[in-house]
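Under the working numbering, residues 152 to 582 are what the sequence shown spells out, in order.
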Amino acid sequence: MTHMKSQFEEFQSAQPIGREELQEKTGFSGEGQVIQGPWAATKPRVLLSVHEDMSEIREIWHQLEDEGDCSVFQTYAWLSNWMRHIGTLRRVRPQIVVGWDASGEALFLFPLAIEGNLVAKKLVWLGGELAEYPGPILAKDFVRRVRPGQFPALWDEVRALLPKHHLVALNRMTKRAGEQANPFMELGGLSEHNCASHSTTLTADWESYYGGKRSSSSKKRDRQKRRKMGEIGEIAFAMHADDEEKVETIETLMAQKARSFARMGVANIFDRPGYREFYKALATDADSDIARVSSLTVADDVVAANLCVSFNGRFYDLLASYDEASEAARFGPGVVQQMELMNHAIETGHTVFDFTMGDEAYKAIWCENTQYLYNHFDAKGVRGSIAAFPARGIIRLKRFVKNTPLFCNAYLKLRSCRSMLTFGRAATVSA
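Rendered as C-alpha cells:
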C-alpha cells in the first residue's frame with residue numbers, strides 16, 4: 152500500500168477538494184499520493200495520485216480509454232497482460248499517475264514504471280518494447296486544463312512524487328495522443344527514433360480502396376498468384392473466435408516466425424521470457440475483445456497466420472507469418488492474408504489500418520501516412536548518465552546504419568552470412 156499525503160491545507164487560496172471528497176467523487180480507495188498547487192501562472196491546477204496496483208484504478212482507466220484519447224497500447228487490457236506475464240519477471244514497478252481536476256474528474260493517466268538494476272533506476276513507459284506507441288491517456292478536456300507550455304512544470308511535480316530514479320527514458324512517443332497534441336512533446340531532450348510507423352486511411356469498401364492503391368498490372372499479378380494458389384487447394388481465410396483455435400493459431404504463427412528469424416539470422420523474440428504467454432493471454436482475455444487472430448489455409452494447411460488488435464476504429468497489424476516450406480509460399484500467402492485483413496477491417500467499420508512501427512518496403516504499397524516517433528532522455532547525476540549512454544548509443548547507431556547505405560548493406564550481408572551458418576546447422580540437425 153502506498154501512503155497518501157495531502158498538502159492542501161498550506162494553500163487555502165487554491166481551494167482544492169480534500170482527501171475524503173476526492174475519494175467520494177472518484178471512488179478509488181485512496182491508496183497513492185496526492186499533491187496540489189496552488190500553481191503559478193505557468194502551472195495548471197491538477198491533483199495527482201500515484202498507484203502501483205493497476206487494479207485499484209481499473210474503472211477509471213477503462214473510463215478514460217473509452218472516452219479520452221490514446222492508442223491500444225495504453226489500454227488496461229494490453230498493459231495488465233504485459234505486466235502479468237513480462238513485467239513481473241523483470242521486477243518492474245508500475246507507477247500509474249492519474250491527474251484529477253478540482254471536481255474529482257480524471258484528466259489524464261500516465262502508465263509509467265520504474266525498472267533498472269543496482270547501477271541506476273529508470274523511469275519508463277509501462278509495456279516495454281512491445282508497446283509500439285507508448286504515451287498518456289488524455290481526457291477530451293485535457294487541453295483546457297493544461298494549457299500549451301504548462302506541461303513541463305506539471306511534469307516536474309509528477310517526477311517529485313515518484314520513487315527515486317536516475318534516468319527518464321521515454322521512447323517511441325508520437326506527436327499526437329489521439330486527437331490531441333501529446334504534451335510530452337513539450338519536454339526537452341527529444342530525439343527522433345530510428346524508425347517510424349506507417350498507416351493507411353481506409354475507404355467505405357474494399358474495391359474502391361484496392362482500386363486506388365494497385366495499378367492494373369499489379370491487380371492482374373495478384374489475381375494470377377491467387378489463382379495458382381487455388382490450384383493447390385481451397386483457399387480459406389478465417390477470423391478465430393474460439394480460444395483453443397486462437398492459441399493453436401498463435402503457436403503456428405510463432406513456429407513459422409521462428410523459421411523466418413533463423414533464416415534472417417536474427418534472435419527469436421518469442422524465446423524471451425513471458426513473450427509467448429503474453430500474446431496468448433492477450434488473444435484469449437475474457438475481459439477484453441481487442442485481439443484479432445486469423446489464419447489463411449490452403450487445402451486445410453495453415454500457410455499464413457496473423458495477430459492484430461482493434462481499438463477505437465483503428466486496426467493494428469502486430470504479428471504476421473507465413474509457412475516458407477509450403478507449396479503455396481511461391482504465390483505470396485502473406486500478401487493474400489494482408490488483403491483479406493484489410494477487407495475485414497473495412498467491413499467491420501475501421502477507418503485506419505495501422506501497419507505499426509517499422510520501415511519495411513512493402514508498407515509503401517499501401518500507406519500514405521507516416522508517423523515519426525520520438526525519444527526523451529533526462530539523466531540525473533553520474534548513475535543516470537551511465538545508464539543513458541547505452542540506450543542513446545544503440546538508437547543513434549541504428550539510425551546511422553539505417554541512413555548510411557554502405558553500412559546498411561554491410562550489416563545485411565553480415566546478417567545473411569550468419570543466417571546461412573545458423574540455418575544450415577539447423578537444417579543439418581533436423582535432417
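Every residue, glycine too, gets a C-beta built ideally from N, C-alpha and C.
It should be emphasised that the depicted structure is a prediction, and the values quoted were computed from it without experimental measurement.
Residues near residue i in its chain [Cβ-Cβ closer than 7 Å; skip 5 each side]
i: H495; result: M390
i: I186; result: Unreliable placement is indicated for I186, whose pLDDT of 43 sits below 50; the coordinate value is still reported in the next sentence. Answer for I186: Q158, L199, E308 and L312, listed in chain order.
i: Y473; result: Q407, V454, A455, A480, P484 and G485
i: H147; result: Because the chain is modelled from 152 through 582, residue 147 falls outside the range shown and cannot be assessed.
i: V460; result: V223, I441, A442, R443, Y467 and L469
i: F482; result: K376, K379 and M380
i: I420; result: Y426
i: W190; result: Caution is warranted here: a pLDDT of 43 is assigned to W190, below 50, making its placement in the model unreliable, and the coordinate value is therefore given only provisionally. Closer than 7 Å at the Cβ level, and outside the excluded window around W190, lie R196.
i: I383; result: V449, A450, E478 and A479
Residue span of the beta strand (DSSP E) that contains residue i, given as start and end
i: M324; result: L318 to T325
i: D505; result: V503 to M508
i: S468; result: According to the sequence as given, residue 468 is Asp; it is not Ser. That run of the beta strand (DSSP E) goes R465 to Y473.
i: H349; result: S348 to T352
i: E266; result: A257 to G267
i: L198; result: L198 to H202
i: L215; result: Note, L215: premise wrong, no beta strand (DSSP E); alpha helix (DSSP H) at R209 to E218.
i: L313; result: L313 -> no beta strand (DSSP E), and no H or E assigned at all.
Spatially closest choice to residue i from the options, by CA coordinates
i: M508; options: E491, R323 and D393; result: R323
i: T325; options: A437, R365, W233 and A282; result: A282
i: G219; options: R310, K315, I288 and N232; result: I288
i: M493; options: T435, A413, M380 and F388; result: F388
i: Q246; options: Y227, L274 and N268; result: L274
i: A437; options: V249, A228 and S477; result: A228
i: N457; options: S477, S445 and R296; result: S445
i: W251; options: T226, R310, I211 and A332; result: I211
i: S439; options: E203, T351 and L230; result: L230
i: Q225; options: V449, K291, L260 and E491; result: L260
i: D394; options: T354, E337, T435 and Q331; result: T435
i: A476; options: C518, R414, A332 and N333; result: R414
Own chain, CB closer than 6 Å to residue i, minus 5 neighbours either side, in chain order
i: V243; result: A264 and E266
i: E385; result: none
i: S342; result: N526
i: A320; result: K273, V275, F528 and A542
i: T403; result: V453 and A456
i: E337; result: F302 and P303
Chain C within 9 Å of residue i, Cβ atoms only
i: I441; result: Looking at the structure shown, chain C is missing, and only one protein chain is on hand.
Residue i burial status per 10 Å Cβ neighbour count (16 or more: buried)
i: T400; result: buried
i: S348; result: buried
i: G300; result: exposed
i: K272; result: buried
i: Y284; result: buried
i: P314; result: exposed
i: F162; result: The predicted position of F162 is uncertain, since its pLDDT is 28 and thus under 50; no value can be drawn from it.
i: Y513; result: exposed
i: A578; result: Residue placement at A578 cannot be trusted, given a pLDDT of 40 that sits under 50; what the coordinates show is reported in the next sentence. Classification of A578: exposed, given that the 10 Å Cβ count is below 16.
i: G183; result: Reliability fails at G183, whose pLDDT of 47 lies under 50, so the model's placement of it is uncertain and the value that follows must be treated cautiously. Buried.
i: E498; result: exposed
Cut-off 8 Å between Cβ atoms - residues of its own chain near residue i, not counting five sequence neighbours on either side
i: R365; result: D373 and I516
i: G500; result: G464
First and last residue of the uninterrupted alpha helix (DSSP H) at residue i
i: H495; result: P484 to E498
i: T448; result: That residue, T448, is in no alpha helix (DSSP H); its beta strand (DSSP E) goes A442 to V449.
i: L458; result: Element bounds for L458: not the alpha helix (DSSP H) but the beta strand (DSSP E), D452 to F462.
i: A418; result: Segment: none, A418 is in no alpha helix (DSSP H) and carries neither H nor E.
i: A389; result: Element bounds for A389: not the alpha helix (DSSP H) but the beta strand (DSSP E), I386 to H391.
i: R374; result: S367 to I383
Residue i Cβ short of 8 Å to the ligand MN heavy atom set
i: M336; result: The model depicted lacks the ligand MN and carries no ligand whatsoever.
- Count the C-beta pairs between the region 357-372 and the region 242-262 that are closer than 8 Å, then say yes if the count reaches three, no if not. no
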